[in-house]
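Undergrad: Quick one: structure below, then a few questions.
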Amino acid sequence: FASWLSREANEASRIKKDMPIMVALGNPPYSGESANKGEWILELLDDYKKEPSGGRLQEKNSKWINDDYVKFIRLGEYYVEKNGEGILAYITNHSYLDNPTFRGMRWHLMNTFDYIYILDLHGNSKKKEVAPNGKPDKNVFDIQQGVAIIVAIKDHRTVSKAPLATVQHADLWGDRQTKYNFLEKNTLASWRWEKLTPSKNLYLFVPRN
Numbered sequence: 001f002a003s004w005l006s007r008e009a010n011e012a013s014r015i016k017k018d019m020p021i022m023v024a025l026g027n028p029p030y031s032g033e034s035a036n037k038g039e040w041i042l043e044l045l046d047d048y049k050k051e052p053s054g055g056r057l058q059e060k061n062s063k064w065i066n067d068d069y070v071k072f073i074r075l076g077e078y079y080v081e082k083n084g085e086g087i088l089a090y091i092t093n094h095s096y097l098d099n100p101t102f103r104g105m106r107w108h109l110m111n112t113f114d115y116i117y118i119l120d121l122h123g124n125s126k127k128k129e130v131a132p133n134g135k136p137d138k139n140v141f142d143i144q145q146g147v148a149i150i151v152a153i154k155d156h157r158t159v160s161k162a163p164l165a166t167v168q169h170a171d172l173w174g175d176r177q178t179k180y181n182f183l184e185k186n187t188l189a190s191w192r193w194e195k196l197t198p199s200k201n202l203y204l205f206v207p208r209n
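Using this note's numbering, the letters of the sequence shown map in sequence onto residues 1 to 209.
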């Protein structure tokens with residue numbers, strides 16, 4: 001078994017090192033007090049700790065950017081950018097969508113990708129989220145933290161590269177089974193998206209007047 005595990009690890013390392021990574025897909029772990037403090041990923045994460053206008057992020061406490069799910073987003077972005085095209089598709093904590101601390105992260109993602117789709121699944125019991133119709137809003141997982149799906153696309157066929165990605169947003173409210181049914185039956189093409197025009201300072205990934 002140990003021999004098999006070693007071969008598997010070596011093959012995985014070879015692919016990550018030598019082969020183009022075109023898709024980053026998954027449900028990364030969430031951990032605000034991350035124990036993953038490797039020098040390489042922390043150096044990459046510094047890109048998210050900058051103001052969109054340049055310079056260090058002017059926040060007294062930017063520790064939430066060190067969350068594991070943020071590191072996985074940065075990792076996927078790195079591989080897609082290195083390859084020159086690809087897709088990042090994760091379901092993660094949704095805090096980065098509108099928290100001011102993550103403005104550098106949002107700006108960096110908009111610089112890397114051509115199209116970004118955000119499906120906010122809500123379900124944040126910490127914020128006591130309620131559906132617009134007044135009914136309870138439930139999480140798709142057995143957790144308190146609300147979640148969202150991001151599908152970010154870098155397309156080498158884009159002829160006239162815009163300065164920043166086109167950002168599309170949609171909300172999904174309701175009980176868990178309603179959300180499961182919607183996700184099972186729909187695709188990116190069938191969802192009703194709202195095109196966002198993120199303001200220059202915060203670059204929010206949610207609709208905001």
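For each residue, glycine too, the CB sits at the ideal point set by N, CA and C.
Grouping DSSP H, G and I as helix and E and B as strand, with all else coil, what is residue 56?
TA: On the sequence shown, position 56 is the one that residue 56 refers to. Correct three-state label for residue 56: strand.
Undergrad: If distances are taken between C-alpha atoms only, which option among 189, 206, 190 comes closest to residue 197?
TA: Within the sequence shown, residue 197 is the residue found at index 197, counting from 1. Selected option, being the one with the closest Cα: 206.
Undergrad: Using the three-state DSSP reduction, which class does residue 123 fall into: helix, strand or coil?
TA: The sequence position of residue 123 within the sequence shown is 123, counting from 1. It is coil, neither helix nor strand.
Undergrad: Indicate the three-state DSSP secondary structure (helix, strand or coil) for residue 165 in the structure shown.
TA: Stepping through the sequence shown from its first residue, residue 165 is reached at position 165. Three-state result, residue 165: coil.
Undergrad: Do you know offhand how far residue 3's Cα is from residue 28's?
TA: Within the sequence shown, the letter at position 3 stands for residue 3. Within the sequence shown, the letter at position 28 stands for residue 28. If I take the Cα positions, the gap works out to 28 Å.
Undergrad: From residue 33 to residue 70, what does the alpha carbon distance come to, in whole angstroms?
TA: Locating residue 33 in the sequence shown gives position 33, counting from the first residue. Locating residue 70 in the sequence shown gives position 70, counting from the first residue. Here the alpha carbon of residue 33 sits roughly 12 Å from the alpha carbon of residue 70.
Undergrad: Decide if residue 77 is buried, meaning its Cβ has at least 16 other Cβ atoms within 10 Å, or exposed.
TA: Along the sequence shown, read from residue 1 onward, the residue named residue 77 stands at position 77. Buried: at least 16 other Cβ atoms inside 10 Å.
Undergrad: With DSSP as the reference, label residue 130 as helix, strand or coil.
TA: Taking the first residue of the sequence shown as 1, we reach residue 130 at position 130. Residue state, collapsed to three classes: strand.
Undergrad: Pick helix, strand or coil for residue 118, following the three-state DSSP scheme.
TA: Here residue 118 refers to the residue found at position 118 of the sequence shown. Residue 118 falls in the strand class under three-state DSSP.
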